[in-house]
Structure formats: C-alpha cells, structure tokens
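Positions in the sequence shown are counted from 1; adding 446 to them yields our numbering. Structure record follows, encoded as structure tokens.
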Amino acid sequence: RSLLEAKVPAVKRRTSCVYADLRELISEMELRKAA
C-alpha cells in the first residue's frame, strides 16, 4: 500500500508531462495548418 502511494505522485507527474508535450504538439500542428 505505501509503495503504491509513493508511486502515484510520480505517475501523475509523468502523465502531466506527457499531456503537456501532446498539447505542444497539437498547438504546433494547428499553427502549421493556419500558416
């Protein structure tokens, strides 16, 4: 249980980083479409 609780924050951090990368990629693609 304690191990899982310790892992959760790292997983959340990783997913948030991935989401940020995805958002940057999408915004880049949108800019290229508009250009």
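The beta carbon of each residue, even a glycine, is placed where N, CA and C say it ideally should be. Predicted, not measured: the structure shown is a model, and the values here were computed from it.
Need the endpoints of the alpha helix (DSSP H) that alanine 481 sits in, please.
The count along the sequence shown starts at 1 and reaches residue 481 at position 35. That residue, alanine 481, is in no alpha helix (DSSP H); it is neither H nor E in DSSP.
Among the residues of its own chain, which have a CB less than 8 Å from the CB of methionine 475, if the five just before and after it don't count?
Translated into the one-based positions of the sequence shown, residue 475 becomes position 29. Hits under 8 Å: none found.
Using only the alpha-carbon positions, how far apart do arginine 469 and lysine 458 sit?
As a position in the sequence shown, residue 469 is number 23, starting the count at 1. As a position in the sequence shown, residue 458 is number 12, starting the count at 1. If you take the alpha carbons of arginine 469 and lysine 458, they lie about 16 Å apart.
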